[in-house]
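Per UniProt numbering, the sequence shown runs over residues 1 to 138.
Reading through the structure tokens given below for one structure.
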Amino acid sequence: MIEDDEGHARLIEKNIRRAGVNNPIRHFMEGTAAIQYLFDAPDGPAKNGPALVLLDLNLPDMSGIDILQKMKAQGSALRRTPVVVLTTTDDKVEIERCYDLGANVYITKPVNYETFAQAIRQLGLFLSVIQVPEPELD
């Protein structure tokens, strides 16, 4: 999960857990640290196996769009890794851009707390049944 808002991150994790998803969740508040883990860490997905990324677009050090582009680039070990964009931005141009770059799902965060919590529980149910591909390891 790449999310700079600590409150949103806690809410997301809590409601994904409520939906029955028990996989480990790593939380990154900045894109630079997330990119390093995703691509370079020995226990990260590029070197060690499947993952799914929950990605906020508005990060303090880089855009989520930049992260999405790096992950989905031709030749990237993570180009098949599913990416769920979970952000406050509901601009149609941004939504289209994310899908064009290879995002698998785009969800706009609801403003209301309970609606947000319910949306994340539904996302958790969705995540509990999807198949995630293995990365293209060297």
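Each residue gets a CB set at the ideal place from its N, CA and C atoms; glycine is no exception.
- Rounded to whole angstroms, Met62 and Leu68 show a C-alpha spacing of 11 angstroms.
- Taking the C-beta atoms as reference points, Ile65 is found nearer than 8 angstroms to Leu57.
- Each residue's CA atom was taken as its position, placing Thr81 and Asp90 some 23 angstroms apart.
- As for any alpha helix (DSSP H) of minimum length 4 sitting wholly inside the UniProt domain "Response regulatory" (1–124), the runs are 6–18, 31–40, 45–48, 64–72 and 92–101, ordered along the chain.
- A buried status is given to Val83, since no fewer than 16 other beta-carbon atoms sit within 10 Å of its beta-carbon.
- Burial check for Val93: the Cβ neighbour count within 10 Å stays below 16, so the residue is exposed.
- With respect to Leu38, Ala117 sits apart: the two C-beta atoms are not nearer than 8 angstroms.
- Counting only residues of its own chain and dropping the five nearest sequence neighbours on each side, Ser128 has a CB closer than 7 angstroms to the CB of Ala19, Gly20 and Val21.
- Cβ contact annotation for Leu54 (same chain, cutoff 6 angstroms, sequence separation greater than five): Met1, Val84 and Leu86, in chain order.
- Less than 8 angstroms divides the Cβ of Pro50 from the Cβ of Glu134.
- Distance from the CA atom of Val105 to the CA atom of Leu78, rounded to whole angstroms, is 16 angstroms.
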